[in-house]
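Chemist:
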Amino acid sequence: MVNMDMRFSNEEIELLRGAKGNVLEAIGYVPVASGLAFGRVRLYFGGGAFDIVSSMHDIDYSGDGEADDDDAFLSVEQGLGSVAALSELSGEEMYVECGKVAKRVLVAQDSVDSYEDGKLTFKTAYPQAVLFDFGDQMMSIDKQACNWMMLTVKFGKSVDELVYDSEKGWEVSPEESFVIRNEFRREVLEL
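With the numbering used here, letter number 77 in the sequence shown gets 58, and the count goes up by one each step, no holes.
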């Protein structure tokens, strides 16, 4: 069985925890469209900045050392250098002012167990979205479908309306469903 753990490291969690109680001054990204970034969103807090990054990683579902697929997973990095220079897209950084205190920081953590012919063959765990609760509303930075590097920045009232249902990304085609089955779970962690 292959176990792929893409959850945030302790260092990434500490960067996110540092946002709690601080003012999110602005959000920066090179836009694909309004609220849609490719690969990187920078969060400017009173004491510094960090980036939520979506990048591609090879997946070895069979455990034979060969990449069978690739998917995007989230990471958190210290905000260093220019967002535009770090982006894989050309363009200027869109800078959106926010000015709200992050009262809570949450991570929508997903996991999938994949079974082939009834046998557990692949497990993965990964963050689907990072959420900031401002009291009157929430903001999410969500990676959307697993095989895209797109990040959405959305505002709303609840986790359910703000976080992509990544179970859709793990659906099995009808002709494969008699062989492959996926069990999907989500937990929302408060940091």
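From the three backbone atoms N, C-alpha and C, an ideal C-beta is built for every residue, glycine too.
In this text the structure is predicted, and so the values were computed from the model without any measurement.
Report the option in Lys138, Arg(-2), Tyr96, Glu157 whose CA atom is closest to the CA atom of Leu24.
Modeler: As a position in the sequence shown, residue 24 is number 43, starting the count at 1. Taking each of Lys138, Arg(-2), Tyr96, Glu157 in turn and checking the Cα distance to Leu24, the smallest one comes out for Arg(-2).
Chemist: What residue from Ile122, Arg85, Asp91 has the CA that sits closest to Ile8's CA?
Modeler: In the sequence shown, counting from the first residue as 1, residue 8 sits at position 27. Looking at Ile122, Arg85, Asp91, the one whose alpha-carbon comes closest to that of Ile8 is Ile122.
Chemist: Starting from Arg(-2), follow the alpha helix (DSSP H) in both directions and report where the run begins and ends.
Modeler: Counting from one through the sequence shown, the residue named residue -2 turns up at place 17. Start and end: -9 to -2.
Chemist: I'd like to check one pair, Gln90 with Leu192: are the Cβ atoms closer than 8 Å?
Modeler: Past the boundaries of the shown model lies residue 192; the chain is included only from -18 to 172, so the question cannot be answered.
Chemist: May I ask you to report which of helix, strand or coil DSSP gives Val144?
Modeler: Within the sequence shown, the letter at position 163 stands for residue 144. Coil.
Chemist: Would you tell me roughly how many angstroms separate the C-alpha atoms of Ser147 and Val22, rounded to the nearest one?
Modeler: Reading the sequence shown from its first residue, position 166 is the one you call residue 147. Reading the sequence shown from its first residue, position 41 is the one you call residue 22. If you take the alpha carbons of Ser147 and Val22, they lie about 20 Å apart.
Chemist: Less than 8 Å between the beta carbons of Met(-13) and Phe54, yes or no?
Modeler: The residue given as residue -13 occupies position 6 in the sequence shown. The residue given as residue 54 occupies position 73 in the sequence shown. Their beta carbons are under 8 Å apart, which means Met(-13) touches Phe54 by this criterion.
Chemist: Give a yes or no on contact between the stretch 78 to 89 and the stretch 106 to 123, applying the rule of three or more CB pairs nearer than 8 Å.
Modeler: As far as the Cβ criterion goes, the stretch 78 to 89 touches the stretch 106 to 123, which means the pair count is three or higher.
Chemist: Scan the stretch 100 to 168 and note each continuous beta strand (DSSP E) run of 3 residues or more that stays entirely inside, going in chain order.
Modeler: Counting only runs of 3 or more residues that sit fully inside the stretch 100 to 168, the beta strand (DSSP E) segments are 100 to 114, 119 to 123, 131 to 137, in chain order.
Chemist: From the DSSP secondary-structure annotation, give me the bridge partner or partners of Ala83.
Modeler: The count along the sequence shown starts at 1 and reaches residue 83 at position 102. DSSP, once it has assigned bridges, lists no residue as partnering Ala83.
Chemist: Determine whether the beta carbon atoms of Phe165 and Trp151 lie at a separation below 8 Å.
Modeler: For the purposes of this step, residue 165 is identified with residue 184 of the sequence shown, where counting begins at 1. For the purposes of this step, residue 151 is identified with residue 170 of the sequence shown, where counting begins at 1. Yes, the Cβ-Cβ distance between Phe165 and Trp151 is below 8 Å.
Chemist: Taking 8 Å as the threshold (C-beta atoms), are Glu(-7) and Ser56 in contact?
Modeler: Residue mapping note: residue 56 aligns to position 75 of the sequence shown, counting from 1. Residue mapping note: residue -7 aligns to position 12 of the sequence shown, counting from 1. A contact, by the Cβ cut-off of 8 Å.
Chemist: Measuring CA to CA, which of Pro155, Asn(-16), Glu6 is closest to Val77?
Modeler: Residue mapping note: residue 77 aligns to position 96 of the sequence shown, counting from 1. Answer by Cα proximity: Glu6.
Chemist: Kindly indicate which residue of Thr105, Met75, Lys104, Met119 has the alpha-carbon position closest to the one of Val86.
Modeler: As a first step, residue 86 must be located in the sequence shown, where it is residue number 105. Closest option to Val86, Cα to Cα, is Met119.
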